[in-house]
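Protein chains in written order, with our numbering: chain A, 21 to 177; chain B, -16 to 280; chain C, 61 to 426; chain D, 572 to 744.
Glycine residues also receive a C-beta, built at the ideal position from the N, C-alpha and C atoms.
Structure first, commentary second.
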């Protein structure tokens, strides 16, 4: 299976396990790789998410695509810069990527070109702070600041 | 004369308590079918007391408040037109046709009240209630008129006396009895025709905005209308009973049979419910009418 | 022109499991447009998991999906085992299969109750939830908790089964097999249910494959895709079974598909209990408080009662996961699929259609 | 006037005694504790023996069950639903999430204390209380109603501004 993917994809292809193939590509041909993989019987987009590598100041977009016939899942990854991150939409390849992209916009602040409500709220209502899943957003500080908790001093006698 | 007036005053109260008993029995029986114990028999009474003891209440306008009042008033009026064993009640002034006419005023009152509440669920509920009424009125009227042709009179009291001594209409006119049963079953809003107060689809339909005292009144009206519908069926087809006790026992029998069906069926869609009513029960009622018509000649 | 109005199958709704809102635009009784609005159960699991060590996460993850918590524990444990390259003992595999299949049958019973109550047959709801409760008691004895078991953890299972576990489970399976004909006569073979569900909200095979639909919704359209067959985990390689598939793809087919899968999981439990070997139950892992998972990434998949449920795991060698992405099953079922299916349907069918798709709102908001 | 007081007192006494036997709870599963409600209502634990049945709309029901953690989005709907209910109304808080945030203490979307925003009459312990605990919570509420102590709704009306202030702080209305 790996050879077919190698022929079709420009980028580093590694077979981690018999049913897991990791494909690392450049930012520009992320959408084209997925298009090629879809033609190669990878018909289902399982998950589209991002990982915040704050040390290298980069986001990593991860798309898990699965082929029902060949029973193989390939993890397609691409690195994008962390300041004003943008990717093109994948709706025309996988229709169910729509809400994943909206979630990317809300949780990481990644703008998706071509997705009608890319930066619109999906899960949070009236959220003013940093996108929450970024590493530099501190949830504990936010929680203790905004929500009063019951100040119970625990006495160990 | 004084006896007559006293019974006129006490019939609604009797109807209310018998209705409470029937509703309580129904909830207990449904619970037993669900393999659990279920509430005590007087639970509907406790519910009504709790509802009437609500401290505050909201109102969406005068008609909203008058809706339940009209519902209960029409229910009491209808009860007075229903004869009790041994008493003529108001039957000389209004016979079967008048009774069928008055029976409708109650739900019209609720519809006017709920329409005022402005909640879209309520208006959908009213539209469903009125269309369902269109459905079950047809077989009910045909079944009623079959009896009129058979007995030659429209006086409900005579229906009762003519059927005494075990030749009930259930055995003499089985087809009309079946059609009448399905129609009263639909009028009671039992399960396949539970379309008006479907909690999952329209959040209890017309009663969505009613709470507290309004809902208490509506529950009183519902208890009385349970008595009316089962009583109407008993008078038409089960011979009405010599004294009040057999009358109530027969009503209990009707409730038991209805609950057996109620817990087993899922719900119709509203258009299928009306289509069902106009197909099978109406057909059976017409065949019953034909039999009586040809037989009678 | 019929006046167009809006209605919410809102968060406060007796039918929908959990907190979820569908905003409908209606013309008369037919739905013109449906837009989901989720986020009422958002607890930021992925952020919280980054702030907890691997051991602390064990208490957090079952709370993602309420009707079926064990799939989270299994996916979490399998991801860590893959990262650490650990092979769990035989007996632990069988216990995991029994726990997962029992959780599936409990979730399916809960679902049958919900579907029947949605179209008005409350008796099935009262029966199904009561029968499910008998299995919950067995879990209470086995794991100490009714719903959130925290029983499957990396390296195997927390402790061995209590004496008499086998006959309890076999007793429940025998009891459920006797009860199934009653459910069939009351609900699945009920002409009213067939009349209401046949031909309702039909999904075609291509549409389902393209939209990322998995589980009974996909198998009802004729595609045999099941993680237990494609990538067998736990003790499924040792059990011989075949997943049933229907092919009309409408609401009726989805329900009957779940009914067949319920029967399949009963047989699987029976097989697993009979074939369970003796032996230890937990592979010794290093001291859990100082758990350090080697760097790397892993994706673990489990077949839940709704479809394929997965954890995408990235670890950076410290004692806290760097990033965990949860592949919720209901995300594709709700957003492209349910919003498309509801258009043109009657209002009285809308909650019923949402229920046959078995959408679990916490999986969407996480 | 003395007789009038005792009559008034006696009337309220009997009323409370009868009222506790018919409590309607709102069928609103706000959070994860809601999966233990169906077993409590259905055949195994059968809450209907005490007259407790699930009802659909807030106008008809008396008990608002906050079954677990409270997301800000849900809190806004909870407050509207609570204010739609007709007094006397009661709020039961399930589990530790309504007391102090529970397991989600560090989440940015979860409110920590329910009683800052709604008056709570009964708390039920347990990170998802079992049906037995839920029934015990209902019986405690019934005892409180019987003794006339369950008047959270009066507290809400009396210091309405305090509650509104807290709500405004969190919800940024």
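Take the alpha-carbon of residue 375 of chain C and the one of residue 107 of chain B: they are about 54 Å apart. Inclusion of residue 146 of chain C and residue 215 of chain C in the CB contact set at 8 Å is warranted, their separation being smaller than that value.
Exposure of residue 346 of chain C is indicated by the presence of fewer than 16 other C-beta atoms within 10 angstroms of its C-beta. Judged by beta-carbon spacing, residue 407 of chain C lies within the 8 Å limit of residue 89 of chain C, meaning their Cβ atoms are closer than that value. Residue 213 of chain C sits in a strand when the DSSP states are folded into three classes. At the C-beta level, residue 65 of chain B and residue 214 of chain B come within 8 Å of one another. Around the Cβ of residue 653 of chain D, a 10 Å sphere holds 16 or more other Cβ atoms; the residue is buried. Taking 8 Å as the threshold, the shortest C-beta distance from residue 406 of chain C to chain B falls below it. Given a length threshold of 4 residues, each whole run of the alpha helix (DSSP H) inside the region 221 to 272 of chain B is given here in chain order: 227 to 245.
Between residue 67 of chain A and residue 372 of chain C, the C-beta spacing is below 8 Å.
Under the three-state reduction of DSSP, residue 111 of chain C is assigned to coil, being neither helix nor strand.
Counting every other CB atom within 10 Å of its CB across the protein chains shown gives residue 363 of chain C a total of 16 or more, marking it as buried. The beta carbons of residue 67 of chain B and residue 176 of chain B sit no closer together than 8 Å. With respect to residue 95 of chain C, residue 66 of chain C sits apart: the two C-beta atoms are not nearer than 8 Å. Sequence-distant partners of residue 673 of chain D (beyond 5 residues in either direction) whose C-beta falls short of 7 Å from its own C-beta, in its chain, are 640, 666, 667 and 698. Note on geometry: alpha-carbon atoms of residue 577 of chain D and residue 190 of chain B lie some 37 Å from one another.
Take the alpha-carbon of residue 44 of chain A and the one of residue 99 of chain A: they are about 9 Å apart. Residues of chain C whose Cβ lies closer than 7 Å to the Cβ of residue 174 of chain B are, in chain order, 180. The straight-line gap separating the alpha-carbon atoms of residue 32 of chain B and residue 199 of chain B is approximately 8 Å. Residue 99 of chain B sits close to residue 43 of chain B, with the two beta carbons spaced by under 8 Å.
For a Cβ distance threshold of 8 Å, residue set 103, 104, 107 and 108 of chain C lies close to residue 678 of chain D, ordered along the chain. In terms of Cα proximity to residue 63 of chain A, the closest of C:323, C:415, C:130 and C:274 is C:274. In the three-state scheme derived from DSSP, where H, G and I count as helix and E and B as strand, residue 25 of chain B is classed as coil. By alpha-carbon distance to residue 703 of chain D, the top candidate from D:575, D:583 and D:615 is D:615. Residue 179 of chain B sits close to residue 115 of chain B, with the two beta carbons spaced by under 8 Å. Between residue -2 of chain B and residue 159 of chain B, the alpha-carbon positions lie close to 26 Å from each other.
Uninterrupted alpha helix (DSSP H) stretches at least 4 residues long and entirely within the region -9 to 65 of chain B occur at 26 to 35 and 45 to 63, given in chain order.
Residue pairing by DSSP puts residue 83 of chain C in a beta bridge opposite C:68 and C:95. For the pair residue 206 of chain B and residue 3 of chain B, the CB atoms are nearer than the 8 Å cut-off. For residue 741 of chain D, the chain A residues whose Cβ falls inside 8 Å of its Cβ are 166 and 167, in order along the chain.
By the beta-carbon neighbour count (other beta carbons within 10 angstroms, threshold 16), residue 361 of chain C is buried. Relative to the Cα of residue 328 of chain C, the nearest Cα in the group C:113, C:158 and C:282 belongs to C:158.
By the Cβ-count criterion, residue 262 of chain B is exposed, with fewer than 16 other Cβ atoms from all chains shown falling within 10 Å of its own Cβ. Within chain B, the residues whose beta carbon sits less than 7 Å from that of residue 252 of chain C are 175, 248 and 249, listed in sequence order. Interface annotation for the region 377 to 396 of chain C against chain A: 383, 385, 387, 391, 392, 395 and 396, criterion Cβ-Cβ distance under 7 Å. For the region 214 to 243 of chain C, there are no residues whose beta carbon sits under 9 Å from a beta carbon of chain B.
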